[in-house]
Amino acid sequence: DQQVKQNSPSLSVQEGRISILNCDYTNSMFDYFLWYKKYPAEGPTFLISISSIKDKNEDGRFTVFLNKSAKHLSLHIVPSQPGDSAVYFCAAKEGTYKYIFGTGTRLKVLA
Amino acid sequence: GAVVSQHPSWVICKSGTSVKIECRSLDFQATTMFWYRQFPKQSLMLMATSNEGSKATYEQGVEKDKFLINHASLTLSTLTVTSAHPEDSSFYICSAAGTSGMADTQYFGPGTRLTVL
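Protein sequence lines correspond, in order, to chains A and B. The working numbering applies: residue 10 is where the first sequence begins, and numbers increase by one. The working numbering applies: residue 126 is where the second sequence begins, and numbers increase by one.
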């Protein structure tokens, strides 16, 4: 049973426009969420995180929104750049350190 | 800061041999390290969690006698794939969680591609 879901396996966006990546979760006990970016044959790179006490966290071009009632979070990238093309994973923290990862969304930013 | 290295980055071995993968936190002390496996176009699957100086905790379905994990120091954890078979071919990634202010974030290594012939 997939507790963290990313229903869009891929997304294409024009350079300069907004990229919106979505993530849904089923466990209401999750209280900390993270987004990671991954290039092929490399380890994931931490992007941004959000605690359940917040509904928004911003870091430069990246903003994460959390809707606890809908059990939904999204990552906004504005403006999108070709270098943002990668696979993006959302993750929910379970317990002290364990992460539950979604299946990833492949973002392609077109020049 | 928060750099995690893995060695080797790529290994090919014959079926039946054992392979050791090292994971090091280079600029912080990692009380907890994690080992993941990723199949093509799939999510990262947590295999086990290791705490320095104690036995690793394996996820359901992961054979602890096949995937030996040692976390001997605060900066080094090793994963040994024993008697490797072609179905063990995969991309193995480690991560490290820091202490105090870094406790909420796992930092990932670059991964190790294992191919078993």
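Note that the Cβ used here is the ideal one computed from N, Cα and C, for glycine as well. Keep in mind the model is a prediction, meaning the values are calculated, not measured.
If we define contact as Cβ-Cβ less than 8 Å, is residue i a contact residue for chain A?
| i | result |
| --- | --- |
| Gly178(B) | no |
| Ser214(B) | no |
| Leu169(B) | yes |
| Arg238(B) | yes |
| Tyr217(B) | no |
| Thr157(B) | yes |
| Gly186(B) | no |
| Gln154(B) | no |
| Tyr183(B) | no |
| Gly141(B) | no |
| Thr205(B) | no |
| Ala173(B) | no |
Output yes or no for whether 8 Å exceeds the beta carbon distance between residue i and residue j.
| i | j | result |
| --- | --- | --- |
| Phe98(A) | Leu151(B) | no |
| Val129(B) | Phe233(B) | yes |
| Asp93(A) | Ser28(A) | yes |
| Leu201(B) | Arg149(B) | yes |
| Phe74(A) | Ser61(A) | no |
| Ala101(A) | Val13(A) | yes |
| Ala209(B) | Ile194(B) | no |
| Gly104(A) | Ile218(B) | no |
| Phe71(A) | Ile59(A) | no |
| Lys31(A) | His85(A) | This sequence places Asn at residue 31(A); Lys is not what is there. In this structure, His85(A) does not lie closer than 8 Å to Asn31(A) by Cβ. |
So residue i and residue j are supposed to be a Cβ contact under 8 Å. How far apart are they, rounded?
| i | j | result |
| --- | --- | --- |
| Asn16(A) | Asp33(A) | 7 Å |
| Gln167(B) | Thr112(A) | 7 Å |
| Leu199(B) | Glu177(B) | 5 Å |
| Ala222(B) | Thr142(B) | Not really, about 31 Å apart at Cβ, beyond 8 Å. |
| Thr54(A) | Lys46(A) | 5 Å |
| Met158(B) | Ser179(B) | Actually they are not in contact, since the Cβ atoms of Met158(B) and Ser179(B) sit about 12 Å apart, beyond 8 Å. |
| Tyr48(A) | Ala95(A) | 5 Å |
Any beta carbon from chain B within less than 8 Å of residue i's own beta carbon?
| i | result |
| --- | --- |
| Lys77(A) | no |
| Ala120(A) | no |
| Glu67(A) | no |
| Phe55(A) | yes |
| Lys14(A) | no |
| Ser21(A) | no |
| Thr72(A) | no |
| Phe39(A) | no |
| Ala50(A) | yes |
| Tyr34(A) | no |
Quick one: is the Cβ of residue i within less than 7 Å of any heavy atom of the ligand FAD?
| i | result |
| --- | --- |
| Phe164(B) | Of the ligands one can find in the structure shown there are none, so the ligand FAD has no counterpart to examine. |
Query raised in the report: What are the uninterrupted segments assigned as beta strand (DSSP E) that are 3 or more residues long and contained completely in the region 69 to 94 of chain A, given in chain order?
Result: Qualifying beta strand (DSSP E) stretches, in chain order: 71 to 76, 81 to 86.
Query - Length at least 3, wholly inside the region 164 to 208 of chain B: the beta strand (DSSP E) runs in chain order - result: Look at the region 164 to 208 of chain B and you find these whole runs of beta strand (DSSP E), each 3 residues long or longer: 169 to 176, 192 to 198, 201 to 206.
Query raised in the report: Does the region 187 to 202 of chain B come close enough to the region 129 to 139 of chain B that 3 or more CB-CB pairs lie under 8 Å?
Result: Touching, no.
Query raised in the report: Just checking, does the region 87 to 98 of chain A make contact with the region 204 to 221 of chain B on the three C-beta pairs under 8 Å criterion?
Result: When Cβ pairs closer than 8 Å are counted between the two stretches, the region 87 to 98 of chain A is seen not to touch the region 204 to 221 of chain B, the count staying below three.
Query raised in the report: Along the chain, which unbroken stretches of the beta strand (DSSP E) at least 3 residues long are found entirely within the region 15 to 45 of chain A?
Result: For the region 15 to 45 of chain A, whole beta strand (DSSP E) runs of length 3 or above, ordered along the chain, are 19 to 23, 28 to 34.
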